[in-house]
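Trainee: As numbered in the UniProt record's numbering, residues 1 to 422 make up the sequence shown, in order. Following this message is one structure expressed as structure tokens.
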Amino acid sequence: MATSGAAARPPVATTLSARRGTAPSATAAAASCPASSARRTTWRPRARLSSGNAARARARLLRVEASSMADPVEESLPAAPHTATDAPLETQPQVRTSMWNWKGYNIRYQYAGTSGPALVLIHGFGANSDHWRKNIPVLALKNRVYAIDLIGYGYSDKPNPRELGESFYTFETWGEQLNTFCAEVIKSEAFFICNSIGGLVGLQAAAMEPQKCKGIFLLNISLRMLHISKQPWFGRPFIKSFQSLLRNTVIGKLFFSAVATPESVKNILCQCYHDTSAVTDELVQFILQPGLDPGAVDVFLEFICYSGGPLPEELLPRVKCPVLVAWGEKDPWEPVELGRAYASFDTVEDFVVLPNVGHCPQDEAPDLITQKARTAIHLLDTVSCPSKLALPSTTSAPEFFNSEHTSLIRSGQLQLPLVPFV
1 MATSGAAARP PVATTLSARR GTAPSATAAA ASCPASSARR TTWRPRARLS SGNAARARAR
61 LLRVEASSMA DPVEESLPAA PHTATDAPLE TQPQVRTSMW NWKGYNIRYQ YAGTSGPALV
121 LIHGFGANSD HWRKNIPVLA LKNRVYAIDL IGYGYSDKPN PRELGESFYT FETWGEQLNT
181 FCAEVIKSEA FFICNSIGGL VGLQAAAMEP QKCKGIFLLN ISLRMLHISK QPWFGRPFIK
241 SFQSLLRNTV IGKLFFSAVA TPESVKNILC QCYHDTSAVT DELVQFILQP GLDPGAVDVF
301 LEFICYSGGP LPEELLPRVK CPVLVAWGEK DPWEPVELGR AYASFDTVED FVVLPNVGHC
361 PQDEAPDLIT QKARTAIHLL DTVSCPSKLA LPSTTSAPEF FNSEHTSLIR SGQLQLPLVP
421 FV
């Protein structure tokens with residue numbers, strides 16, 4: 001087990017086979033989920049920003065002329081030379097797993113690769129580092145890649161929140177965990193690649209210790225639409241009462257028991273994956289199995305009752321590194337119509353829509369995301385933004401989603417999940 005003084009490659013590690021992202025039960029999974037249309041792997045032009053900030057960003061990043069129909073991010077540098085099937089299986093780097101001790105807790109992480117910039121892959125709610133199993137070995141061909149289980153998730157320890165207080169399972173805690181991981185295990189600055197609530201963890205870590213993060217690539221970051229500030233004032237007391245009911249009565253544990261079954265997990269994943277053939281039995285087990293550990297139910301209930309803390313629109317102005325945002329256009333949980341608003345932040349260098357992809361692009365479209373991640377890393381590594389360090393936010397949290405967005409949500413035209421798992 002790696003201790004707080006461990007080297008970047010811990011001497012004690014269990015070798016894992018580098019999982020390739022095959023889907024042996026794809027046919028069966030597709031049969032049990034709603035049908036989905038075929039996904040294109042081409043990119044359409046990103047939505048252009050009308051602001052001067054966007055124009056300066058395009059010039060700074062050497063983008064193509066506005067008349068070009070090619071994706072501006074791709075045109076600014078050569079196409080990525082590898083996809084998930086480029087390298088023979090025997091030449092792909094070995095993926096290893098190890099445990100790191102943080103504040104007396106065991107934290108699982110996976111790693112591969114021996115050279116190149118360091119990447120940290122950060123999972124979403126209810127998931128773990130196995131959600132990046134299709135990306136790790138391919139990204140490791142040119143990078144040092146680490147995928148971490150946030151405390152409370154995966155095979156990391158799950159301390160009881162009742163013994164630690166309501167302030168433990170927060171983005172501040174996970175941000176501190178991530179920064180300490182960079183300092184003690186990676187021993188260098190790193191790029192963060194994040195999905196869903198993992199995006200808030202990455203932003204929080206970068207805001208807390210800017211020197212640890214070189215850049216952030218966000219995939220369908222959580223909008224946190226159940227945040228208390230985004231609820232009508234008259235509904236807030238009822239939210240508090242419902243949260244107390246879940247935390248302090250048997251109802252919460254019954255609710256978790258109903259959700260933590262293979263059938264429920266598969267149904268939830270089929271909601272957020274546009275290509276439901278990617279929802280395999282293997283994936284269901286990767287998500288479900290750690291959730292059956294002792295203590296998982298308390299962590300689950302603690303987070304779904306966590307309606308405070310930071311919002312993406314509050315963290316983005318505090319981040320000093322460049323940020324790229326990619327969004328699956330078929331995400332039913334975090335609608336791309338709302339996500340586009342993040343393109344207006346000065347820190348965000350580009351916003352790209354991923355056609356025919358849902359909430360978890362890294363698992364649903366791994367070849368596409370691995371290629372885009374390589375491009376993003378190169379791009380983020382070439383961008384510096386010293387002029388942005390002191391810029392205040394031009395978008396305040398209460399006004400970020402306007403009344404039209406709110407009415408769409410309340411009318412049901414924008415569907416929000418009660419319990420997003422990833």
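Even glycine gets a Cβ: it sits at the ideal position worked out from N, Cα and C. As the structure is a prediction and not an experimental result, all values here were calculated from the model.
In whole angstroms, what is the alpha-carbon distance linking LEU245 and TYR306?
Mentor: 14 Å
Trainee: Could you give the C-beta distance for TYR169 and VAL297, rounded to a whole number, given that I count them as a contact under 8 Å?
Mentor: Not confirmed; about 13 Å, so no contact.
Trainee: Here's the rule: buried if 16 or more other CB atoms are within 10 angstroms of the residue's CB, otherwise exposed. What is ASP130?
Mentor: With 16 or more other Cβ atoms from the protein chains shown falling within 10 Å of its own Cβ, ASP130 counts as buried.
Trainee: Could you pull out every residue in the same chain whose Cβ sits closer than 8 Å to the Cβ of PRO312, ignoring the five residues on either side in sequence?
Mentor: GLY199, LEU200, LEU203, ILE221, SER222, LEU223, ARG224 and TYR342
Trainee: Excluding the 5 residues preceding and the 5 following residue 429 in the sequence, name in chain order all residues of the same chain whose CB lies nearer than 6 Å to its CB.
Mentor: Because the chain is modelled from 1 through 422, residue 429 falls outside the range shown and cannot be assessed.
Trainee: Return the first residue and the last residue of the beta strand (DSSP E) that CYS270 is part of.
Mentor: Element bounds for CYS270: not the beta strand (DSSP E) but the alpha helix (DSSP H), 262-272.
Trainee: Quick one: what does DSSP say SER98 is sitting in, helix, strand or coil?
Mentor: Residue state, collapsed to three classes: strand.
Trainee: Counting pairs of beta carbons, one from the region 140-147 and one from the region 106-122, are three or more of them closer than 8 Å?
Mentor: Proximity of the region 140-147 to the region 106-122 meets the contact definition, three or more beta-carbon pairs being nearer than 8 Å.
Trainee: Counting Cβ pairs closer than 8 Å, one from the region 353-360 and one from the region 320-333, do we hit at least three?
Mentor: yes
Trainee: Kindly indicate which three-state DSSP category ALA205 falls into: helix, strand or coil?
Mentor: helix
Trainee: Does DSSP classify TRP333 as helix, strand or coil?
Mentor: coil
Trainee: Alpha carbon to alpha carbon, how far is ILE151 from VAL323? Give it in angstroms, no decimals.
Mentor: 25 Å
Trainee: Three-state secondary structure (DSSP) at LYS158?
Mentor: coil
Trainee: Within its chain, find whatever has a CB closer than 6 Å to the CB of ALA365; leave out the 5 residues flanking it on each side and keep chain order.
Mentor: VAL357
Trainee: Kindly list the residues whose CB is nearer than 6 Å to the CB of ALA190, restricted to its own chain and excluding five residues on each side of it in sequence; keep chain order.
Mentor: ALA118, VAL120 and CYS182
Trainee: Leaving aside the five residues before and after ASN160 along the sequence, list all residues of the same chain whose C-beta is less than 7 Å from its C-beta, in chain order.
Mentor: GLY295 and ASP298
Trainee: Go ahead and label SER67 buried or exposed: buried means 16 or more other beta carbons lie within 10 angstroms of its beta carbon, across all protein chains shown.
Mentor: For SER67, the predicted structure reports a pLDDT of 28, less than 50, and the residue's modelled location is therefore unreliable. A value from the coordinates is still provided. Counting Cβ neighbours within 10 Å, SER67 comes out exposed, since fewer than 16 surround it.
Trainee: Please name the residue or residues paired with PHE234 in a DSSP beta bridge.
Mentor: PHE234 pairs with nothing; no bridge assigned.
Trainee: Do you know how far the Cα of ILE239 is from the Cα of GLN231?
Mentor: Looking at the two C-alpha atoms, the distance is approximately 9 Å.
Trainee: Can you list, in chain order, the residues of its chain with a C-beta nearer than 6 Å to that of ARG318? Leave out the 5 residues immediately preceding and following it.
Mentor: ALA207.
Trainee: Quick one: Cα of ILE304 to Cα of ARG236, how far?
Mentor: 15 Å
Trainee: Just reading off the beta strand (DSSP E) that GLN110 is part of, what are its end residues?
Mentor: 105-112
Trainee: I'd like to check one pair, LEU316 with VAL348: are the Cβ atoms closer than 9 Å?
Mentor: yes
Trainee: Under DSSP, the alpha helix (DSSP H) around LYS253 begins and ends at which residues?
Mentor: 250-259
Trainee: By Cβ distance, which residues of its chain are closer than 6 Å to ALA205, with the 5 residues on each side in sequence left out?
Mentor: So the qualifying residues of the chain are GLY175, LEU178 and ASN179.
Trainee: To the nearest angstrom, report how far apart GLY113 and LEU141 are at their CA atoms.
Mentor: So the two alpha carbons sit approximately 6 Å from each other.
Trainee: Is it buried or exposed for LEU389, if we count other Cβ within 10 angstroms and need 16 for buried?
Mentor: In this predicted model, LEU389 has a pLDDT of only 34, less than 50, meaning its place in the structure is not dependable; the value taken from the coordinates is given anyway. That one is exposed.
Trainee: Using CA atoms only, rank isn't needed, just tell me which of ALA127, THR382 and THR97 is closest to HIS359.
Mentor: ALA127
Trainee: Have a look at LYS320 and LEU218 and give me their C-alpha separation to the nearest angstrom.
Mentor: 15 Å
Trainee: Mind checking whether ILE197 and PHE125 have CB atoms under 9 Å apart?
Mentor: yes
Trainee: Is GLU302 closer than 9 Å to GLU172 when the C-beta atoms are compared?
Mentor: no
Trainee: Measuring alpha carbon to alpha carbon, tell me which of LYS266, GLN94 and TYR273 ends up nearest TYR111.
Mentor: GLN94
Trainee: Quick one: what's got a C-beta closer than 7 Å to LYS372's C-beta in the same chain, skipping five residues either side?
Mentor: ALA326
Trainee: Rounding to the nearest angstrom, what Cα-Cα distance links GLN362 and VAL185 in this structure?
Mentor: 24 Å
Trainee: Which class does TYR153 belong to by DSSP, given the choice of helix, strand or coil?
Mentor: coil
Trainee: Measure the C-alpha to C-alpha separation of ILE369 and THR382 and round it to an integer number of angstroms.
Mentor: Distance from the CA of ILE369 to the CA of THR382, rounded to the nearest whole angstrom, comes to 20 Å.
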